[in-house]
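Just so you know, the sequence shown maps onto residues 232 to 347 in my numbering.
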Amino acid sequence: MTIDAILTLLAIFALWNGIVFLVYAFDKRAAKQGAWRVREDTLILLAVFGGGLGAFACQRLLRHKTRKGAFPVLLPLMAGLHLTIVLVIALIPDALLQALNEAALLLSRLIQNSWP
């Protein structure tokens with residue numbers, strides 16, 4: 232993967248997590264004011280689909296969703312998982328990616344040949 236591709240992915244990831252942080256911050260402010268809130272399942276989906284770091288950062292910085300439901304466990308897990316994925320994508324050598332791709336193709340061919 233080229234450095235430009237890596238930087239683009241990192242920029243998209245950072246932007247998405249910034250947006251998720253702002254959504255969580257909006258929900259925190261709405262909670263304080265008794266206004267319309269963001270649904271909890273929406274907050275969870277934002278965290279699961281790539282926004283774990285932004286959600287976790289807002290949870291820690293603004294003390295939002297620190298005790299409710301799955302949030303205390305889910306947000307740190309998603310943050311750790313997403314950070315790991317970003318590091319693997321940024322640091323994994325192209326040769327290893329090629330080897331993994333070839334292994335996946337081989338496995339796919341084996342599965343296709345094993346069906347009647």
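Just so it is clear, CB atoms sit at the ideal spot from N, CA and C, and this is done for glycine as well. Small disclaimer: the values here were computed from a predicted structure and weren't measured.
Segment limits, alpha helix (DSSP H) that includes residue i
{"i": "Lys299", "result": "Here Lys299 belongs to no alpha helix (DSSP H), and DSSP marks it neither H nor E."}
{"i": "Phe287", "result": "Gly283 to Leu293"}
{"i": "Gly249", "result": "Ile234 to Gln264"}
{"i": "Arg340", "result": "Asp325 to Ser345"}
Through-space distance from residue j to residue i, alpha-carbon basis
{"i": "Tyr255", "j": "Ala242", "result": "20 Å"}
{"i": "Leu246", "j": "Gly300", "result": "27 Å"}
Helix, strand or coil at residue i according to DSSP, with G and I counted as helix
{"i": "Ala278", "result": "helix"}
{"i": "Val269", "result": "coil"}
Closest by C-alpha distance to residue i, when choosing among the options
{"i": "Leu292", "options": "Leu331, Gln264 and Phe252", "result": "Phe252"}
{"i": "Ala278", "options": "Lys263, Arg294, Val304 and Ser345", "result": "Val304"}
Where residue i falls, given that 16 or more other Cβ within 10 Å makes a residue buried
{"i": "Ala310", "result": "buried"}
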